[in-house]
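Encoded as structure tokens, the structure appears first; notes follow it.
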């Protein structure tokens, strides 16, 4: 396996990829994903110089917020088994996001046909 990065810039697609070193192959997928971002940024840094990149903007905002709030951040790995609270919260549905049960919707469309108006669409 390996890593890959694509940069869509000025209607061109720039690609970079490489193979994981033997020592990298056993790393957790999340670490490999972050390494892929790092390797992609290293590859495309000259093309990106002077441009706003969403990832960099987020990192700067995190850094500014931490600095302005006198917070010291450290990065550490948290095993999935130990990250259940955040995992559960990220999977929690929005109580205001309504939907129709798939089976009920299927029965209704069989009986009445496909709807032409989406009453659940955002205004």
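Numbering (the working numbering), first residue to last: -13 to 109.
Glycine residues also receive a C-beta, built at the ideal position from the N, C-alpha and C atoms.
- In the DSSP annotation of this structure, the continuous segment of the beta strand (DSSP E) that includes residue 1 starts and ends at -2 to 5.
- Rounded to the nearest whole angstrom, the CA to CA distance from residue 53 to residue 34 is 26 angstroms.
- Secondary structure of residue 65 (DSSP, three-state): coil.
- Excluding its 5 nearest sequence neighbours in each direction, residue -12 has C-beta neighbours in its own chain below 8 angstroms: 3, 4, 5 and 6, listed in chain order.
- Residue burial is scored here from C-beta neighbours: residue 26 has at least 16 other C-beta atoms within 10 angstroms and is therefore classed as buried.
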